[in-house]
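Here full-length UniProt numbering is used: the first residue of the sequence shown is 1, the next is one more, and so on.
Just so it is clear, CB atoms sit at the ideal spot from N, CA and C, and this is done for glycine as well.
Here the structure is a predicted model, which means the values were calculated and not measured.
Below is one structure, written out as structure tokens; the observations come after it.
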Amino acid sequence: MGKNKKVEQNKLIVVEFKVSMHCNACERTVVKAISKCKGVEKFITDMNQHTVVVTGRIDPKKVLKKLKKNTGKKVEILSNQDEESNSESDRLVIIPPFPFENDCCIETEDLMMFSDENPNACSIM
Numbered sequence: 001m002g003k004n005k006k007v008e009q010n011k012l013i014v015v016e017f018k019v020s021m022h023c024n025a026c027e028r029t030v031v032k033a034i035s036k037c038k039g040v041e042k043f044i045t046d047m048n049q050h051t052v053v054v055t056g057r058i059d060p061k062k063v064l065k066k067l068k069k070n071t072g073k074k075v076e077i078l079s080n081q082d083e084e085s086n087s088e089s090d091r092l093v094i095i096p097p098f099p100f101e102n103d104c105c106i107e108t109e110d111l112m113m114f115s116d117e118n119p120n121a122c123s124i125m
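See the structure below:
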């Protein structure tokens, strides 16, 4: 049970909160509350849209609770995404075939051109 909790904490999560911010002071209190949360890597506040996008290894419910407590404002979760799970499932990695696959069949003349067995040989490229 403890291992699953650690795995969940290591995921990078992007959460969008709706917080009513009317002035710069409201925005500062929200920023101060979010910056003190453990696991927050970055956040973006948008005062016109009344939203805050938080990215990090966080529990969205804990951040929601701290925002409500520290700001005294009504806070809602708009969207919640696991960034690592989305990026891994959407990403398709194509590995090209080895470009020198048929190099084992190089003619011996080409190899002998650079050989030290015949140092007096003239080789013009």
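Given that a residue counts as buried once 16 or more other Cβ atoms are within 10 Å of its Cβ, and exposed if not, what is residue i?
i, result
"I34", "buried"
"L78", "exposed"
Residues in its own chain within less than 8 Å of residue i by CB, not counting five upstream and five downstream?
i, result
"E27", "M21, T45 and M47"
Closest to residue i by CA distance: which of the options is it?
i, options, result
"V30", "L12, H50 and K11", "H50"
"G72", "V15, L64 and Q81", "L64"
"I58", "A25, V52, G39 and F17", "G39"
"K69", "K32, N24 and E16", "K32"
"G56", "V75, K42, N24 and K36", "K42"
So what does residue i bridge to, in DSSP terms?
i, result
"N80", "V15"
"residue 162", "The structure shown does not extend to residue 162, since the chain is modelled only from 1 through 125, so no value can be given for it."
"T45", "V52"
Excluding five sequence neighbours on each side, which residues of the same chain lie with their C-beta closer than 6 Å to the C-beta of residue i?
i, result
"Q81", "V14"
When you measure from the CB of residue i to every non-hydrogen atom of the ligand NAD, does any distance come out below 7 Å?
i, result
"I13", "For the ligand NAD, the structure offers nothing, since it holds no ligand at all."
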